[in-house]
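A short worksheet on the structure shown next.
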Amino acid sequence: MLIPVLDPKLYFCRMLQVSLIGSGNLAHQLLVALRDLTGVDLVEVTARNTEAIDLLDNDIPLNSDFSKLRPADIYILAVSDAAISPVSEQLGDLPGMLAHTSGSVPMNALMHENRGVFYPLQTFTKGKVVDFSKIPICIEASSRTGMDTLNQLAQKLSEKVTELPSNQRRQLHLAAVMANNFTNHIFYWAERFCIENQLDFTLLHPLIEETVAKMKAVGPFDAQTGPARRGDLNTLQHQLEAMPTPELKQLYQYLSNSIQNTYGKEL
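Going by the numbering used here, the first residue of the sequence shown is number 18, and it counts up by one from there.
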């Protein structure tokens with residue numbers, strides 16, 4: 018007899034009560050994702066500056082008193098890293114689990130006994146809605162029961178849920194900084210270089226998209242191309258001389274040397 022395979026998101030029938038604390042980019046994105054999520058009751062949004070929260074024409078209760086929160090199963094603390102400990106200290110005893118959303122702050126920054134981490138691995142910008150189903154969510158909890166509760170919420174939001182302890186999550190966050198923040202800064206320099214030379218930066222968009230697609234297909238090591246990868250010293254020297262500022266020259270030389278060192282045995 019065949020047993021039907023059920024969607025894990027359907028295992029949990031009771032409405033999961035969630036309280037959201039914060040008013041920044043991630044708090045806004047979670048508000049959008051949670052307000053109409055099946056099986057979730059967003060009971061309250063708490064922020065010191067309640068005017069910063071856009072309730073999107075919903076009747077979700079607003080609160081500005083951190084010491085008076087409505088009962089909930091999970092309290093998601095979506096505030097800056099520096100604010101996690103001081104804000105959590107203002108919350109007092111809670112009937113449910115308190116979980117922060119940081120990639121770099123350890124779970125033990127929360128003093129509550131029933132604590133955890135609910136870390137969506139993505140870059141967030143206010144006003145740009147993201148699809149949480151495609152965002153990996155890393156969870157950690159102080160107990161197995163707490164982990165099950167966080168997993169219940171994470172499975173409702175995302176197709177990719179991973180249990181990670183604080184030390185591994187910090188390493189993953191560092192990798193995310195390299196993959197996102199550093200590459201975006203290089204995009205900034207490329208755009209600035211184009212502007213200074215009366216070039217349209219959008220001409221590079223297809224190249225950027227293909228670079229990411231190829232990296233995902235074959236991995237970054239095999240996807241690498243360019244004069245440094247080929248060991249083309251003449252082109253490297255000409256391009257280095259064309260860099261308009263000492264800062265760009267230094268960046269170009271450092272990255273080119275790193276590529277040459279990575280593939281040196283193949284040159």
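Beta carbons are placed, not taken as given, at the ideal position from N, Cα and C, and that holds for glycine.
Predicted model only: the values in this text are computed from it and were never measured.
Own chain residues within Cβ distance below 7 Å of residue i, not counting five before or after
{"i": "Gln139", "result": "Val147, Ile152"}
{"i": "Ala50", "result": "Phe149, Leu174"}
{"i": "Gly133", "result": "Met114, Ala116, Met124, Ile156, Glu157, Ala158, Ser159, Gly163, Leu167"}
{"i": "Pro182", "result": "Glu157"}
{"i": "Met232", "result": "Ala240"}
{"i": "His190", "result": "Gly120, Ser121"}
{"i": "Leu4", "result": "Residue 4 falls outside the range modelled here, since the chain spans only 18 to 284, and no answer is possible."}
Residue environment, residue i, which counts as buried when at least 16 other CB atoms sit within 10 Å
{"i": "Ala245", "result": "buried"}
{"i": "Ser97", "result": "exposed"}
{"i": "Lys157", "result": "According to the sequence as given, residue 157 is Glu; it is not Lys. Looking at its Cβ environment, which holds 16 or more other Cβ atoms inside 10 Å, Glu157 is buried."}
{"i": "Arg31", "result": "exposed"}
{"i": "Tyr92", "result": "buried"}
{"i": "His255", "result": "exposed"}
{"i": "Ile203", "result": "exposed"}
{"i": "Val22", "result": "Residue placement at Val22 is flagged as unreliable, the pLDDT there being 39, under the threshold of 50; a coordinate-derived value is accordingly withheld."}
{"i": "Leu47", "result": "buried"}
{"i": "Ser105", "result": "buried"}
{"i": "Gln185", "result": "exposed"}
{"i": "Ile276", "result": "buried"}
8 Å CB neighbourhood of residue i in its chain, flanking five on each side removed
{"i": "Lys266", "result": "Leu257, Met260"}
{"i": "Gln107", "result": "Phe83, Ser84"}
{"i": "Ile101", "result": "Leu94, His117, Ser119, Val122, Ala126, Leu127"}
{"i": "Trp206", "result": "Leu265, Leu268"}
Secondary structure of residue i, DSSP reduced to three states
{"i": "Gln199", "result": "The question names Gln, but residue 199 is Phe in the sequence shown. Here Phe199 sits in helix by DSSP."}
{"i": "Arg31", "result": "coil"}
{"i": "Val178", "result": "strand"}
{"i": "Leu257", "result": "helix"}
{"i": "Ile91", "result": "strand"}
{"i": "Tyr280", "result": "coil"}
{"i": "Lys233", "result": "helix"}
{"i": "Gly163", "result": "helix"}
{"i": "Gln270", "result": "helix"}
{"i": "Ile152", "result": "coil"}
{"i": "Pro244", "result": "helix"}
{"i": "Lys145", "result": "coil"}
{"i": "Asp239", "result": "helix"}
{"i": "Met124", "result": "helix"}
{"i": "Lys173", "result": "helix"}
{"i": "Ile70", "result": "coil"}
{"i": "Ser97", "result": "coil"}
{"i": "Thr228", "result": "helix"}
6 Å CB neighbourhood of residue i in its chain, flanking five on each side removed
{"i": "Ile70", "result": "Ser40, Val62, Ala64"}
{"i": "Glu208", "result": "Phe218"}
{"i": "Tyr280", "result": "Arg246"}
Beta-ladder partner(s) of residue i, from DSSP
{"i": "Asn80", "result": "Thr63"}
{"i": "Gly133", "result": "Ala116, Ala158"}
{"i": "Asp58", "result": "Gln34"}
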